[in-house]
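Here is the structure we will look at.
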Amino acid sequence: MRNELRIIGGLWRSRRIRFAPEPGLRPTPDRVRETVFNWLQQHIGGAVCLDLYAGSGALGFEAASRGAARVIQVERNPRVCRVLKQSCAMLNAGQITVVCAETMKFLSGRPEVFDLVFLDPPFRTGQVGPCCRKLEQGGWLKPGARIYVEAEAGPAPDGIPANWTLLREKASGDVAYRLYQRLEESPV
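Residue numbering for the sequence shown follows this note's numbering, starting at 345 and increasing by one per position.
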């Protein structure tokens with residue numbers, strides 16, 4: 345069925361969730377999610393996760409299914425938020441909170457610290473760098489936090505903080521995905 349995706353691992357393995365039929369919404373493909381969660385398997389259990397530009401919710405639902413203690417999904421589109429909340433209810437996913445807000449405004453608020461952040465903004469909008477700087481400078485990341493960045497294929501986006509080290513990277517079709525780790529606090 346269109347506008348559905350399959351959770352590929354964990355508690356909700358093989359369960360299908362719906363996503364809103366919005367232009368430009370592109371769920372992270374199964375094989376990319378499988379690779380990313382293989383990279384993260386030692387770090388998901390008990391993690392506190394932030395899913396920015398949540399869209400279909402694929403990354404946040406996958407993290408919760410695999411044992412994340414808490415997931416906050418941030419999405420600006422009210423229709424998309426409604427579908428995310430319906431999926432949470434269907435899965436009885438009490439560990440997931442959906443916040444209907446614009447990402448940069450959300451990151452201007454009072455920070456909570458996260459073990460893992462999923463950052464998957466719309467392609468070719470220049471939002472990766474500013475979001476990464478806000479995450480670092482705003483106090484959103486625990487020491488050693490991991491940050492997954494999904495963007496259009498090509499060179500690494502500008503604006504990655506100097507204290508983030510690239511752990512893994514791969515490309516699939518028109519998508520490049522990278523996993524960073526925050527090593528220490530950034531010099532101000």
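Just so it is clear, CB atoms sit at the ideal spot from N, CA and C, and this is done for glycine as well.
Item to check | Residues near Asp459 in its chain [Cβ-Cβ closer than 6 Å; skip 5 each side] | outcome: Looking up residue 459 in the sequence shown gives position 115. Result list for Asp459: Ala391, Val392, Lys486, Ala489, in chain order.
Checklist entry - Taking the alpha carbon of Gly438 as the point to measure from, which residue in Leu463, Phe450, Ala412 has its own alpha carbon closest? => result Counted from its first residue, the sequence shown places residue 438 at position 94. That would be Ala412, whose Cα lies nearest to the Cα of Gly438.
Checklist entry - Can the beta-carbon of Phe462 be found closer than 7 Å to that of Asp395? => result Counting from one through the sequence shown, the residue named residue 462 turns up at place 118. Counting from one through the sequence shown, the residue named residue 395 turns up at place 51. Less than 7 Å separates the beta-carbon of Phe462 from that of Asp395.
Checklist entry - What residues in its chain sit with their C-beta under 8 Å from that of Arg357, if we drop five residues either side in the sequence? => result Position 13 of the sequence shown, counted from the start, is the residue given in the question as residue 357. Within its own chain, the residues whose Cβ lies closer than 8 Å to the Cβ of Arg357, once the five positions on either side in sequence are excluded, are Ile351, Ser409, listed in chain order.
Item to check | Sequence-distant residues of its chain with Cβ nearer than 6 Å to Val442 (five each side left out) | outcome: Counting from 1 along the sequence shown, the entry for residue 442 is found at position 98. Correct list, in chain order: Gln417, Cys425, Leu428, Lys429.
Checklist entry - Which runs of the alpha helix (DSSP H) fall wholly inside the segment 397-437 and span at least 4 residues, in chain order? => result Correct list: 402-409, 422-435.
Next on the checklist: Does Pro487 come out as helix, strand or coil in the three-state DSSP assignment?
Outcome noted: If you number the sequence shown from 1, residue 487 lands on position 143. The three-state reading of DSSP puts Pro487 in strand, counting E and B together.
Checklist entry - Would the beta-carbon of Pro455 fall within 7 Å of that of Gly482? => result As a working mapping, residue 455 is identified with position 111 in the sequence shown. As a working mapping, residue 482 is identified with position 138 in the sequence shown. Yes.
Checklist entry - The alpha helix (DSSP H) with Val376 in it runs from where to where? => result The residue given as residue 376 occupies position 32 in the sequence shown. First-last of the alpha helix (DSSP H) with Val376: 374-388.
Checklist entry - Around the Cβ of Gln471, are there at least 16 other Cβ atoms within 10 angstroms (buried) or fewer (exposed)? => result Counting from one through the sequence shown, the residue named residue 471 turns up at place 127. Label assigned to Gln471: buried.
Checklist entry - Run through DSSP, which three-state label would Gln481 get? => result Mapped onto the sequence shown, residue 481 falls at position 137. If DSSP states are grouped into helix, strand and coil, Gln481 belongs with the helices.
Checklist entry - Does the distance from the C-beta atom of Arg371 to that of Leu349 stay below 7 Å? => result The count along the sequence shown starts at 1 and reaches residue 371 at position 27. The count along the sequence shown starts at 1 and reaches residue 349 at position 5. Reading off the sequence shown, one finds Pro at residue 371, where the question assumed Arg. Yes, these two residues count as a Cβ contact at 7 Å.
Next on the checklist: Quick test of the definition: if touching needs 3 or more C-beta pairs under 8 Å, does the segment 490-499 touch the segment 509-527?
Outcome noted: Taking a cut-off of 8 Å on C-beta distances, the segment 490-499 touches the segment 509-527, as three or more cross pairs fall below it.
Checklist entry - Which residues in the same chain have their Cβ closer than 6 Å to the Cβ of Arg512, if we skip the five residues on either side of it in sequence? => result Numbered from 1 along the sequence shown, position 168 holds the residue referred to as residue 512. Excluding sequence neighbours, Arg512 sits near Trp383, Leu523.
Checklist entry - Among Leu479, Phe450, Asp502, Lys449, which has the Cα closest to the Cα of Thr469? => result Locating residue 469 in the sequence shown gives position 125, counting from the first residue. The option with the nearest alpha carbon to Thr469 is Asp502.
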